[in-house]
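**Student:**
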Amino acid sequence: MNEKPPLYENRRLLLITILYLAIALIGSIIIGIFDQKISNSFITLRKSSEFLTNFAHFFDRSFFSGDGFGGQDPSYFIIILSFLAYCISFIPKIGKFLIPFRKYFGYLIATILALTVINRGFKVLFARARPGIVAEEQSLYSTMWTFGKLSFIEALKKGSFTSGHTTVAVFLVSFGFISTCTKKRGIVLFTFCITLIYSILMALARVFEGDHYLSDGFWAILIGIPIIGWIYYRVFQIPAQEAGAHKIYTHAEELVWGILFVVFFASIIACIISIRYIFIEFHWYFLIIVPCSILLAILTQIGSVKLLNK
Numbered sequence: 009m010n011e012k013p014p015l016y017e018n019r020r021l022l023l024i025t026i027l028y029l030a031i032a033l034i035g036s037i038i039i040g041i042f043d044q045k046i047s048n049s050f051i052t053l054r055k056s057s058e059f060l061t062n063f064a065h066f067f068d069r070s071f072f073s074g075d076g077f078g079g080q081d082p083s084y085f086i087i088i089l090s091f092l093a094y095c096i097s098f099i100p101k102i103g104k105f106l107i108p109f110r111k112y113f114g115y116l117i118a119t120i121l122a123l124t125v126i127n128r129g130f131k132v133l134f135a136r137a138r139p140g141i142v143a144e145e146q147s148l149y150s151t152m153w154t155f156g157k158l159s160f161i162e163a164l165k166k167g168s169f170t171s172g173h174t175t176v177a178v179f180l181v182s183f184g185f186i187s188t189c190t191k192k193r194g195i196v197l198f199t200f201c202i203t204l205i206y207s208i209l210m211a212l213a214r215v216f217e218g219d220h221y222l223s224d225g226f227w228a229i230l231i232g233i234p235i236i237g238w239i240y241y242r243v244f245q246i247p248a249q250e251a252g253a254h255k256i257y258t259h260a261e262e263l264v265w266g267i268l269f270v271v272f273f274a275s276i277i278a279c280i281i282s283i284r285y286i287f288i289e290f291h292w293y294f295l296i297i298v299p300c301s302i303l304l305a306i307l308t309q310i311g312s313v314k315l316l317n318k
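Be aware that the sequence shown starts at 9, since it is given in this note's numbering, and climbs by one per residue.
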């Protein structure tokens, strides 16, 4: 009854896109100019403040690393519980009561898989050295969205762009999108604000800790939120599922899609990296990786489309 006309929705989406791009552009210009100075200033402030030291350490540590409960753990616990609930929902009788919530569990699983592979892909592709490494060798410094000088293995383990911790935190914004099913603006606004603030705090903590530049966290958030929304509205069309206008997936399609997306994006990154190294440090196997990765990306994309539309 109170549904907005398509033209209204399109205008709203256009305004949100323009605002988002404006924030990305202006933020990148300002942060890009002062990125290294901000990092050095934050580290100096942290060293002189016990509160900031504890703040940074809390968001850095994790229960699963043996360091006690930390900033990453809310996301980790939700991921584990979602996966368990998702699997149990397919068990006859036992998981029957979880079936109505399966689409949300599947959405959360697919989302963290997508965010993780994008984050790791960017780390390897841009090979940006972290502030601690740059402090020892200034020549290794590179700005955001430019190629750094770390090796493939170093970039995979210690690449700076984008922030992995912040990506894990921004995963919680998924609940902002899920909350839209309540149709209550107050709940939706509260959920988005809380999860976004938590993501920003994580990004700041990583700068205080000296493990990332502000631009690493800034872009982890800016990249993560559209991906989360895209999966919610376009890939699984959860609002349409709730309204009965789209089929409910019953054969673990969400999990399979997430795995296919990991392979797809990894293939794209492998292709780009190989093309880059063909001109930097040529090896014959790069000529094989490029066509194979393109073919694999095409096949996984076809598989994804068929999976969700069969």
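Cβ atoms here follow ideal geometry from the backbone N, Cα and C, with glycine treated the same way. All values reported here derive from a predicted model rather than from experimental measurement.
#1: Check whether the segment 93–107 and the segment 235–254 touch, using three or more Cβ-Cβ pairs below 8 Å as the test.
#2: Is the CB-CB distance between Ala177 and Ser90 below 8 Å?
#3: Compute the Euclidean distance between the alpha carbons of Ser150 and Leu27, then round it to the nearest angstrom.
#4: Use the C-beta contact count for His291: other C-beta atoms within 10 angstroms, 16 or more gives buried, fewer gives exposed.
#5: Please report the distance separating the alpha-carbon of Phe155 from that of Ile126.
#6: Entirely within the segment 46–134 and at least 4 residues each: give me those alpha helix (DSSP H) ranges in chain order.
#7: With DSSP collapsed to three states, give me the class of Met331.
#8: With three or more beta-carbon pairs closer than 8 Å as the criterion, would you say the segment 273–288 touches the segment 230–241?
#9: Within 10 angstroms of the Cβ of Tyr293, are there 16 or more other Cβ atoms? Answer buried if so, exposed if not.
#10: So within the segment 237–317, which uninterrupted alpha helix (DSSP H) runs reach at least 4 residues, ignoring any that extend past its ends?
#11: Using CA coordinates, which residue listed in Ile310, Glu289, Gly311 and Ile296 is at the minimum distance from Ser159?
#12: Smallest Cα separation from Tyr115: which of Gln80, Leu21, Gly184 and Asp224?
#13: Our contact map puts Gly79 next to Phe67 with C-beta atoms below 8 Å; I'd like the distance itself, whole angstroms only.
**Tutor:** In short:
#1: no
#2: no
#3: 27 Å
#4: exposed
#5: 16 Å
#6: 58–68, 81–96 and 110–134
#7: This structure cannot speak to residue 331, because the chain is shown only from 9 to 318.
#8: no
#9: exposed
#10: 246–251, 261–288 and 294–317
#11: Glu289
#12: Gly184
#13: 3 Å
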